[in-house]
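One structure below.
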Amino acid sequence: MANYFVGDIQGCFEELELVLAKVDFNPSTDVLWAVGDLIARGEGSLPTLRYFKQLDGSAKVVLGNHDLHLMAVAAKIKRVNPKDQLDALLDAADLGSLIGWLRLQPLVQELPEQNIIMTHAGVPPQWDIQTLRAQAQLVSKALTSQDYIPALIAKMYTNKTHVWDENASELQRQIYCINALTRMRFLRPDGGLDFDCKLSPDDCQDPSLTPWFNANGLIKETHTLIFGHWAAVMGKVENPNIYALDTGCCWGNHLTLWHMESDQKITQNKLKKS
Numbered sequence: 001m002a003n004y005f006v007g008d009i010q011g012c013f014e015e016l017e018l019v020l021a022k023v024d025f026n027p028s029t030d031v032l033w034a035v036g037d038l039i040a041r042g043e044g045s046l047p048t049l050r051y052f053k054q055l056d057g058s059a060k061v062v063l064g065n066h067d068l069h070l071m072a073v074a075a076k077i078k079r080v081n082p083k084d085q086l087d088a089l090l091d092a093a094d095l096g097s098l099i100g101w102l103r104l105q106p107l108v109q110e111l112p113e114q115n116i117i118m119t120h121a122g123v124p125p126q127w128d129i130q131t132l133r134a135q136a137q138l139v140s141k142a143l144t145s146q147d148y149i150p151a152l153i154a155k156m157y158t159n160k161t162h163v164w165d166e167n168a169s170e171l172q173r174q175i176y177c178i179n180a181l182t183r184m185r186f187l188r189p190d191g192g193l194d195f196d197c198k199l200s201p202d203d204c205q206d207p208s209l210t211p212w213f214n215a216n217g218l219i220k221e222t223h224t225l226i227f228g229h230w231a232a233v234m235g236k237v238e239n240p241n242i243y244a245l246d247t248g249c250c251w252g253n254h255l256t257l258w259h260m261e262s263d264q265k266i267t268q269n270k271l272k273k274s
């Protein structure tokens, strides 16, 4: 049995197939962990979702911001981003089934034997493991409720909820959890989330901002953290217990697969379209 962790696929399904072929991935014995953003900018969002759905117990997925946005687009709350290639997915006869499957996916996955935690964007440094689990569960509970669209999806689009407050309302804590676990990059001096700078830490011109993985944190002292989301980082994090797996395949770079047991990364370059 092998555990493979893959970075943001973003609809790059052909590249996913190729990188899995390089390691002879076998869903009967192996597990494929995905850091979220299964869909969006690539041409293969529909086959990507279908593939992970049929993998069933052989896949461990967390939701990314693009996956959550798909729910809003499908519900006609938001318009499709012109840069996303979602027509085939949105026109698919099984769209409802695929959305239903996505709603069952959590914001956090754990491999307890190895003290591994996987989220899409990272973990707020001020949270301990109990807080992470509890707040992520609140979001999962809301996503599986019948009124998830008006109760959460329609209300999650705000940058105002950027500072953690354990005494905030349940909805505000859900929104902060989504913002932190699926959108976080830099932190402001007060520990709040910054949503403006998407550059790499080396290129950011604001000295007051700190990459979340460089801030003093509770969970990163005891766990290995796996995340994606931040393509500009290109996998370069100095902490040996933090793995950044988004290497911008949809932007013309490559898809990264991490084999946990051997601590090796396998990559597949973005295919050039003729």
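Per the UniProt record's numbering, numbering of the sequence shown is gapless, rising by one per residue and ending at 274. C-beta: ideal position from N, C-alpha, C; glycine also.
- Around the CB of PRO125, 16 or more other CB atoms lie within 10 Å, so the residue is classed as buried.
- GLY7 is positioned such that its CB atom lies closer than 8 Å to that of VAL35.
- Taking 4 residues as the shortest admissible run, the segment 67-117 contains the following complete alpha helix (DSSP H) segments, listed from N- to C-terminal end: 87-90, 95-103.
- For ASN3, the enclosing beta strand (DSSP E) starts and ends at 3-6.
- HIS120 is positioned such that its CB atom lies closer than 8 Å to that of GLY64.
- In this structure, ILE116 and THR224 form a Cβ contact; the two beta carbons are roughly 5 Å apart against a cut-off of 8 Å.
- Put simply, of GLY192, ALA154, ARG50, ILE178 the residue whose alpha carbon is nearest the alpha carbon of ALA93 is ARG50.
- Membership of THR182 in the alpha helix (DSSP H) is indicated by the continuous run 170-183.
- Within the same chain, and ignoring the five residues on either side of GLU110 in sequence, the residues whose Cβ sits closer than 6 Å to its Cβ are ILE117.
- Rounded to whole angstroms, ASN216 and TYR157 show a C-alpha spacing of 28 Å.
- Here ASP24 is exposed: its Cβ has fewer than 16 other Cβ atoms, across all protein chains shown, within 10 Å.
- Shown here for ASN269: same chain residues with a beta carbon closer than 6 Å to its own, the five before and five after excluded, namely HIS254 in chain order.
- TRP101 places its beta carbon 8 Å or farther from that of LYS60.
- Setting aside the 5 residues that flank it on each side, ARG173 is surrounded in the same chain by GLN135, LEU138, each with a C-beta closer than 7 Å to its C-beta; the list follows chain order.
- Per DSSP, GLN264 is one residue of the beta strand (DSSP E) stretching across 264-269.
- By the Cβ rule, the segment 12-27 does not count as touching the segment 68-83, because fewer than three pairs are nearer than 8 Å.
- Taking all protein chains in view, the Cβ of PHE195 is surrounded by fewer than 16 other Cβ atoms within 10 Å, so the residue is classified as exposed.
- The continuous stretches of beta strand (DSSP E) do not include ALA231, and DSSP gives it neither H nor E.
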